[in-house]
Amino acid sequence: MDPLAFLAGAAVAAGACAAWVSQRRVTRLRRQLTAERHAACHDPLTGLPNRRAFYSRGAELVGDPHAHPLVAVVLDVDGFKQINDVYGHSAGDEVLVTIGHRFASCAGEGPRRGIVARLGGDEFAGLIPERDGEPDEQAARLADMLAAPMRLGGQVVSVSTSVGLVPVEPSAHLADAVHRADAAMYRAKRHTQRRRTPLVTHQHVLHTSLRRELPTHPTSAT
Numbered sequence: 001m002d003p004l005a006f007l008a009g010a011a012v013a014a015g016a017c018a019a020w021v022s023q024r025r026v027t028r029l030r031r032q033l034t035a036e037r038h039a040a041c042h043d044p045l046t047g048l049p050n051r052r053a054f055y056s057r058g059a060e061l062v063g064d065p066h067a068h069p070l071v072a073v074v075l076d077v078d079g080f081k082q083i084n085d086v087y088g089h090s091a092g093d094e095v096l097v098t099i100g101h102r103f104a105s106c107a108g109e110g111p112r113r114g115i116v117a118r119l120g121g122d123e124f125a126g127l128i129p130e131r132d133g134e135p136d137e138q139a140a141r142l143a144d145m146l147a148a149p150m151r152l153g154g155q156v157v158s159v160s161t162s163v164g165l166v167p168v169e170p171s172a173h174l175a176d177a178v179h180r181a182d183a184a185m186y187r188a189k190r191h192t193q194r195r196r197t198p199l200v201t202h203q204h205v206l207h208t209s210l211r212r213e214l215p216t217h218p219t220s221a222t
């Protein structure tokens with residue numbers, strides 16, 4: 001074999017190998033960068049946008065006249081600490097994931113799609129398309145949807161949420177809208193607490209405010 005031809009072939013092969021290795025490295029770095037960007041803007045438990053992403057994307061939605069009419073929503077899970085105490089923290093995580101996924105289904109589709117986020121703990125917020133009815137009616141329907149039965153710790157349970165919902169005007173400040181929705185949520189929570197019998201023990205909690213036993217059949221909802 002011609003030594004020059006052999007060397008030329010070896011050089012081409014080495015170059016191709018180096019290019020392949022380089023491409024793999026670039027691909028790996030791109031994947032790492034994408035994962036880091038996603039992690040920076042999303043809640044690791046529910047996969048929803050986090051507080052940072054909510055306020056960034058939410059400001060864009062509020063400032064976009066084509067995105068309206070919108071409502072701002074703030075909600076949290078009633079008695080969440082007691083859920084953790086009675087069922088355990090892994091069950092509490094299941095509740096947050098289920099509530100988050102149900103709430104996300106309200107964000108809409110296409111160009112009018114809103115944003116639903118987990119702000120932290122058991123608190124969620126959203127900017128979603130306005131539905132028919134007064135704000136209190138919309139909030140009540142959302143709370144009913146979120147309270148659909150779910151399977152938790154081998155039982156079928158219903159977990160309630162307190163929901164605050166307010167209309168958002170075009171050019172409004174997002175922080176102001178969230179503050180008003182938060183205040184509405186606490187009014188709803190106080191109203192719910194006034195209607196409850198005071199809880200004495202975890203056993204009493206288990207059979208009253210935290211769950212509603214359903215007929216024994218294999219039905220479950222997620």
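Counting in UniProt numbering, the sequence shown runs from 1 upward without gaps.
C-beta atoms are modelled at their ideal positions from N, C-alpha and C, and glycine is treated no differently.
Review point. Looking only at its own chain, which residues have a Cβ that is under 7 Å from the Cβ of Gly153, when we skip the five neighbours before and after it?
Key: Only Tyr87 and Ala91 meet the Cβ criterion.
**Study point:** Same chain, Cβ closer than 6 Å to Arg180, neighbours up to 5 away in sequence not counted
**Key:** Val166.
Exercise for review: Along the beta strand (DSSP E) that carries Ser162, what are the first and last residues, could you check?
Suggested key: Thr161 to Val168
Check your understanding: Should the stretch 63 to 73 be regarded as contacting the stretch 46 to 54, the criterion being three or more beta carbon pairs within less than 8 Å?
Key -> The count of Cβ pairs closer than 8 Å, one atom from the stretch 63 to 73 and one from the stretch 46 to 54, stays below three, leaving the stretches out of contact.
Review point. What are the boundary residues of the alpha helix (DSSP H) that Glu130 is part of?
Key: Membership of Glu130 in any alpha helix (DSSP H) is not indicated, and neither H nor E is assigned to it by DSSP.
**Study point:** Limits of the unbroken alpha helix (DSSP H) element including Ala104
**Key:** His89 to Ala104
Practice item. Enumerate in chain order the residues of its own chain whose CB-to-CB distance from Asp78 is below 8 Å, with the five nearest sequence positions on each side excluded. Key: Val159, Ser160, Thr161, Ser162, Lys189, Thr192 and Ser209
Practice item. Output yes or no for whether 8 Å exceeds the beta carbon distance between Asp85 and Glu123. Key: no
Practice item. Could you tell me the boundaries of the alpha helix (DSSP H) in which Ala53 lies? Key: Arg51 to Gly63
Exercise for review: Take the Cβ of Glu169 as the centre, count every other Cβ of all protein chains shown within 10 Å, and call the residue buried at 16 or more, exposed below.
Suggested key: exposed
Check your understanding: Which same chain residues, not among the five before or five after Leu174, have their C-beta less than 7 Å away from its C-beta?
Key -> Once the five neighbours on either side are set aside, the close Cβ partners of Leu174 are Tyr55, Gly58, Ala59 and Val62.
Review point. Going by the CB atoms, is the gap between Ile99 and Ala107 shorter than 8 Å?
Key: no
Check your understanding: So Ala147 packs on Gly164, CB below 8 Å; how close in whole Å?
Key -> Contact doesn't hold; Cβ gap of about 16 Å is too wide.
Check your understanding: For Ala104, which residues of its own chain have a beta-carbon under 7 Å away from its beta-carbon, when the five flanking residues on both sides are left out?
Key -> Leu48 and Val116
**Study point:** Span separating the alpha-carbon of Val97 from that of Ala140
**Key:** For Val97 and Ala140, the distance between alpha carbons rounds to 21 Å.
Exercise for review: From the DSSP output, in three-state form, read off Ala148 for me.
Suggested key: coil
Exercise for review: Output the distance between the C-alpha atoms of Ala172 and His68, rounded to the nearest integer angstrom.
Suggested key: 11 Å
Check your understanding: Tell me which same chain residues have a C-beta within less than 7 Å of the C-beta of Pro65, skipping the five on either side of it?
Key -> Pro170
**Study point:** Bounding residues of the beta strand (DSSP E) (the contiguous stretch that carries Arg118)
**Key:** Ile115 to Gly120
**Study point:** Range of the contiguous beta strand (DSSP E) that encloses Ala72
**Key:** Leu70 to Val77
Point to revise | His179 - partner residues in DSSP beta bridges | key: For His179, which the question treats as bridged, DSSP gives no partner whatsoever.
Point to revise | Identity of the residue in Ile128, Arg113 and Trp20 nearest Ala177 by Cα | key: Ile128
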